[in-house]
Amino acid sequence: MTETTLDTPSHRWWNSRALSRFMRHRLAIIGTAMLLLLTLACFAGPHLLAYDELFIDLRARFSPPLTGDHYLGTDPMGRDITARLLVAGQTSLLVGFFAMILSTLIGTVIGVVAGYYGGRVNAALMRFVDAFLAFPSIFLLLALAAFINPSPVMITVIIAVTSWMEIARIVEAEVKSLRERDFVMAGRMLGLSNTHIMFRELLPNMVGPIIVAATLTVARAILLEAYISFLGYGIQPPLPSWGNMLNGAQQYLDSAPWLAIVPGITITIAVTSFNFIGDGLRDAFDVRSEPT
Amino acid sequence: MRPEPDTAGECPRSEPVLTVRNLTVELPTGMERRYAVKDVSFDLPRGRVLCVIGESGSGKSVTANTIMGLLPNVIRVTSGEIRFQGDDLLKLDKDSLRGLRGRAISMIFQDPLSALNPLMTVGDQIAEAMAAHGAGTRQSRTERALELLEEVGLPDPALMLHQYPFRLSGGQRQRVMIAMALALEPDILIADEPTTALDVTTQAQILELILDIQKRKGMSVMFITHDFGVVAEIADQVIVMEKGVIVEQAPANEIFTAPKHEYTKRLIAAVPELIEAGQPDRSISAGQDDTVISVENLNKTYTSGSGWLGRKRVVSAVADASFTLKRGQTLGLVGESGSGKTSLGRLLIKLLESDSGRIVYRGTDIAPMSEREFRPLRPKIQMIFQDPFASLNPRSTIGHIITVGPIAQGMKRSEARTKAFRILQQVGLDAGAYGRYPHEFSGGQRQRVGIARALMFDPEVLVADEAVSALDVSIQAQILQLLDEIQRETQVSMVFITHDLRIASQICDHVLVMQSGKIVEAGPPSRIFHHPRHDYTRQLVAAIPGTGRAARPA
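Quick note, the sequences are listed as chains C and R, same order. If you count the first sequence from 1, you need to add 65 to reach the numbering used here. If you count the second sequence from 1, you need to add 7 to reach the numbering used here.
Take a look at the structure:
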């Protein structure tokens, strides 16, 4: 008797089931669209505006939104809020993105090593993770930021070192269950090194959960940056960030509420978009979420 | 066939207890075929055992789940009817169906551990089955549970009542499942591969229990299996299913003596049989004295619990094992689960470290070597794994899977690729497989990939750990044939680990019978299986399903 191959679609990402499940997740699609729009606006937008983010228009201080060319109004120094918001978006998004990359790298390496070796290595590494988790990260951030020159790069690094623990835990749990599978034993049988098995055989099996966690990390990193900048320890003016725009707005909440509302809404949009995408990806990678 | 067809003479034309007519169940789009079952009609005779046999994907479990109303939401019944006590089960609402489930129709499953609630005592679970239907009082339910546990032959039922499932063995758990299913004296018992996960001796006991209860209660049993040996043991009526369609329905004795459909014939022919008593054993063609591996007094114990708080438990997985493996020889390791055969296989290939003893490969003792020292020797000793799904990395192409080892051992990429194509052809896969992923292949094809991976190194020793037990019988036969061909061609020595004595008897030159870590008997298969000396071997041989059957077609 001959065996026939199943007629399943080939294993390419663009026609995978995960992608089609993601496409059916309405909120995730909205999130993706919003985020693309926001990113495009932040990086292309400033070139199209009449004012740059540092231009001071003294005659137009405290203009409410929709005054002349100042679509979102101006700040107490007469700088165009639209321009500042978009340039701030560049900083905030880049900080969020690179903090995610860095924390995912740290978390993945620690998680894979801890999960694969188990035993004492696992105990030591995971207690290290616990120690980091036990620290209230916002205070750690503030303390670190107070000592270090708060450039965007340093802020990124600080956020990354305080937010890799979740990924480490997720990856560790994944590896622990995967390493019992026969294909890992087959790898040892073939004489593959441990590093090879960990990063070339096991890691590709965890892209799903890692991508989900990474997406949610971007959202959190953007929020963290906003927190510390709001408190004055983050990105320093005149370089705008969503957080320090809020900081500048707090004393004018009564007279010029748009100063707070505009960056506030933008942060909300960015963070919820990332969270929606994260949820969509989680459902997409989870086979059990197949709609009935 | 069971010894005495009990009620055959008394009520020859009694009404069937359940009739299925033109049942068609649709699969969600994108699956390999449109229908899980198509136009299936059959009767479940009253007080009889109906066996539904077929290979994986034949739709036998879907049929059973449809009767129970337990189909997943994505699978829909498109037409047909299932008549039971005047009702069409497919038209009943959820509540009336729930009323029938467990009370009138009960089911037992393949894996009793996952079917039992790990957090409830056995007694509570049985009582719960009754309470769900509002039967009896708390007191009477406990009494009934006790009675049932006794009925299914569990030792010390009063104590058993308060046990948790994890404390029981596989056979005991299946007995608990049966007790639960019997709690409300159902008219129909549906058994979905209830003995597949069990050892042969346990399987024989459970089959006997089901038959015994069926006879005493006059129950109707629908028994789903893939094993013709089991069919031979218990069936009155047989339905053969292939790809969602019933291809043959006949009384059990007719199926064996005069199978009509091609598929049935093929299935029966593919059932491995114990070699005949006088038949000469398979003998090694070349180099009788060419010893490849000799194992001397090998030991391995597992320690569980730290011994710091709580008691330390020491289990001997392999105790004082000694044997030799010659070039071109197939050595069978047989025994039930927990006998240490898998541990012994893993010790040989050093996926497990031994505690003491020697493993001499070509004059060098490999047992004390570190991973680093042993790595250059790894290519010489390869393994074929049991589970064709878990043993291939789902994220790697077949090409990657079979070349990654040789490349890591220093083979040139282009050379590995060329060799991979040659080996793929040797194991019966076409070159197109190279760039594809494991999930695109069937179980048998995946197992071929596993074999190809092991062959890439031109190994001297192949350890095959239950390499065919996860496969359908017809595929099993093909893979065994492939292994045989490879062995003839390459003179590789094989350690064949299996729980299936029939297979061991056919392909092995020498058999070691293991029980609780010890090798209790060793010898050529014709002697071992026809003149067993050890009691345990005798039990194993007696438990082989289908052996009670005298006449078999040639």
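Here a beta-carbon is modelled for each residue, glycine too, at the ideal position from N, C-alpha and C. It should be emphasised that the depicted structure is a prediction, and the values quoted were computed from it without experimental measurement.
Looking only at DSSP bridge pairs, what is residue i linked to?
{"i": "R28(R)", "result": "E88(R)"}
{"i": "P258(R)", "result": "Q244(R)"}
{"i": "I115(R)", "result": "A198(R)"}
{"i": "V527(R)", "result": "The partner list for V527(R) (beta bridge, DSSP) is empty, contrary to what the question assumes."}
{"i": "T331(R)", "result": "S301(R)"}
{"i": "Q155(C)", "result": "Paired residue(s): none; Q155(C) is not in a bridge."}
{"i": "F503(R)", "result": "G339(R) and A471(R)"}
{"i": "G307(R)", "result": "It is Lys, not Gly, that sits at residue 307(R) in the sequence shown. Note: K307(R) sits in a beta bridge opposite V325(R)."}
{"i": "R365(R)", "result": "E303(R)"}
{"i": "R83(R)", "result": "E33(R)"}
What residue does the alpha helix (DSSP H) around residue i start on, and which one ends it?
{"i": "V157(R)", "result": "Note that residue 157(R) is Glu in the sequence shown here, rather than Val. Looking at the DSSP string, the run of the alpha helix (DSSP H) that includes E157(R) is R145 to E158."}
{"i": "D247(C)", "result": "D247 to M254"}
{"i": "S67(R)", "result": "In the sequence as displayed, the identity of residue 67(R) is Lys instead of Ser. Its alpha helix (DSSP H) spans residues K67 to M75."}
{"i": "D102(R)", "result": "K101 to L107"}
{"i": "V327(C)", "result": "W323 to F350"}
{"i": "Y270(R)", "result": "E269 to A277"}
{"i": "S242(C)", "result": "M230 to L243"}
{"i": "F127(C)", "result": "Unbroken run through F127(C): none, as it is neither H nor E."}
Closest to residue i by CA distance: which of the options is it?
{"i": "E447(R)", "options": "S421(R), V367(R) and S403(R)", "result": "S403(R)"}
{"i": "T232(R)", "options": "K348(R), A326(R) and V56(R)", "result": "V56(R)"}
{"i": "S227(R)", "options": "P52(R), A511(R) and N80(R)", "result": "P52(R)"}
{"i": "L150(C)", "options": "I171(C), R126(C) and L103(C)", "result": "L103(C)"}
{"i": "G259(C)", "options": "V240(C), N309(C) and I275(C)", "result": "In the sequence under discussion, the amino acid at residue 259(C) is Asn, which differs from the Gly named in the question. Looking at the Cα atoms, V240(C) is the closest of the given residues."}
{"i": "V527(R)", "options": "R420(R), H407(R), S346(R) and M390(R)", "result": "S346(R)"}
{"i": "A459(R)", "options": "A440(R), M75(R) and E473(R)", "result": "A440(R)"}
{"i": "D219(R)", "options": "V207(R), P279(R) and I241(R)", "result": "I241(R)"}
{"i": "R28(C)", "options": "F193(C), P130(C), T139(C) and H112(C)", "result": "What the structure shows of chain C is the stretch from 66 to 357, and residue 28(C) is not part of that stretch, so it cannot be assessed."}
{"i": "G256(C)", "options": "G370(R), S533(R), R534(R) and M463(R)", "result": "M463(R)"}
{"i": "P79(R)", "options": "V32(R), E280(R), I405(R) and S377(R)", "result": "V32(R)"}
{"i": "A284(C)", "options": "P302(C), I166(C) and H261(C)", "result": "I166(C)"}
{"i": "E378(R)", "options": "M254(C), W229(C) and P130(C)", "result": "M254(C)"}
{"i": "I551(R)", "options": "A139(R), D234(R) and T308(R)", "result": "D234(R)"}
{"i": "S306(C)", "options": "D247(C), Y181(C), S216(C) and L92(C)", "result": "S216(C)"}
{"i": "I275(C)", "options": "R246(C), R347(C) and A115(C)", "result": "R347(C)"}
{"i": "R443(R)", "options": "S329(R), G160(R), I408(R) and I217(R)", "result": "I408(R)"}
{"i": "V341(R)", "options": "D46(R), T310(R), A122(R) and P531(R)", "result": "P531(R)"}
{"i": "T203(R)", "options": "G178(R), V325(R) and R28(R)", "result": "G178(R)"}
Using a C-beta to C-beta distance shorter than 9 Å, which residues of chain C count as neighbours of residue i?
{"i": "N400(R)", "result": "R246, F248, V249, A251, G252, E266, L267, P269 and N270"}
{"i": "R385(R)", "result": "R253, M254, L255 and G256"}
{"i": "M390(R)", "result": "M250, A251 and M254"}
{"i": "R369(R)", "result": "Per Cβ cutoff of 9 Å: no residues; R369(R) is ~17 Å from chain C at best."}
What does residue i touch in chain R if you count any residue whose Cβ is under 9 Å from its own?
{"i": "L137(C)", "result": "None at all; the shortest Cβ gap to chain R is about 47 Å."}
{"i": "H261(C)", "result": "V411 and A415"}
Can you list the residues of chain C that residue i reaches, using a CB-CB cut of under 7 Å?
{"i": "L358(R)", "result": "M250, R253 and M254"}
{"i": "A397(R)", "result": "R246, D247 and F248"}
Chain C partners of residue i, CB-CB under 8 Å?
{"i": "D394(R)", "result": "D247"}
{"i": "R460(R)", "result": "A251 and L255"}
{"i": "R382(R)", "result": "G256"}
By the DSSP assignment, the beta strand (DSSP E) with residue i in it spans what residues?
{"i": "S176(R)", "result": "First-last for S176(R): undefined, no H or E at that position."}
{"i": "S227(R)", "result": "S227 to T232"}
{"i": "C515(R)", "result": "That residue, C515(R), is in no beta strand (DSSP E); it is neither H nor E in DSSP."}
{"i": "F464(R)", "result": "That residue, F464(R), is in no beta strand (DSSP E); it is neither H nor E in DSSP."}
{"i": "D195(C)", "result": "Note, D195(C): premise wrong, no beta strand (DSSP E); alpha helix (DSSP H) at G184 to A199."}
{"i": "Q389(R)", "result": "I388 to I391"}
{"i": "F49(R)", "result": "Y42 to L51"}
Worksheet item: For the 8 Å Cβ check, are there 3 or more pairs between the region 468-477 of chain R and the region 487-504 of chain R?
Response: yes
Worksheet entry | At least three beta-carbon pairs within less than 8 Å, the region 171-184 of chain R to the region 128-138 of chain R | In short, these stretches touch, since the Cβ pair count reaches three.
Discussion item. Measuring CB atoms only, is the region 86-93 of chain R touching the region 255-265 of chain R, in the sense that at least three cross pairs come out at less than 8 Å?
Written reply: With a cut-off of 8 Å, the region 255-265 of chain R and the region 86-93 of chain R do not count as touching, because too few Cβ pairs lie within range.
Discussion item. Any contact between the region 289-301 of chain C and the region 213-229 of chain C? By contact I mean 3 or more CB pairs, one from each, below 8 Å.
Written reply: yes
Fill in: contact_flag[the region 257-274 of chain C, the region 391-406 of chain R] where n(CB pairs < 8 Å) is 3 or more
Judged by Cβ distances under 8 Å, the region 257-274 of chain C makes contact with the region 391-406 of chain R, as three or more pairs qualify.
Discussion item. Three or more C-beta pairs under 8 Å: does that hold for the region 339-353 of chain C against the region 94-101 of chain C?
Written reply: yes
Worksheet item: Between the region 317-329 of chain C and the region 142-159 of chain C, do at least 3 Cβ pairs fall closer than 8 Å?
Response: yes
Item to complete: Spell out a yes or no on whether the region 113-133 of chain C and the region 180-187 of chain C are touching, meaning 3 or more CB-CB pairs, one atom from each, closer than 8 Å.
Response: no
Practice prompt. Mind the definition here: the region 298-307 of chain R touches the region 272-282 of chain R only if three or more C-beta pairs lie below 8 Å; say whether that holds.
Written response: no
Worksheet item: With a cut-off of 8 Å, do at least 3 Cβ pairs link the region 385-392 of chain R to the region 228-240 of chain C?
Response: Verdict: no, contact absent.
Worksheet item: Within the chosen definition, does the region 156-174 of chain R reach the region 98-117 of chain R through at least 3 CB pairs nearer than 8 Å?
Response: no
Worksheet item: Three or more C-beta pairs closer than 8 Å, one from the region 361-373 of chain R and one from the region 528-547 of chain R: is that the case here?
Response: no
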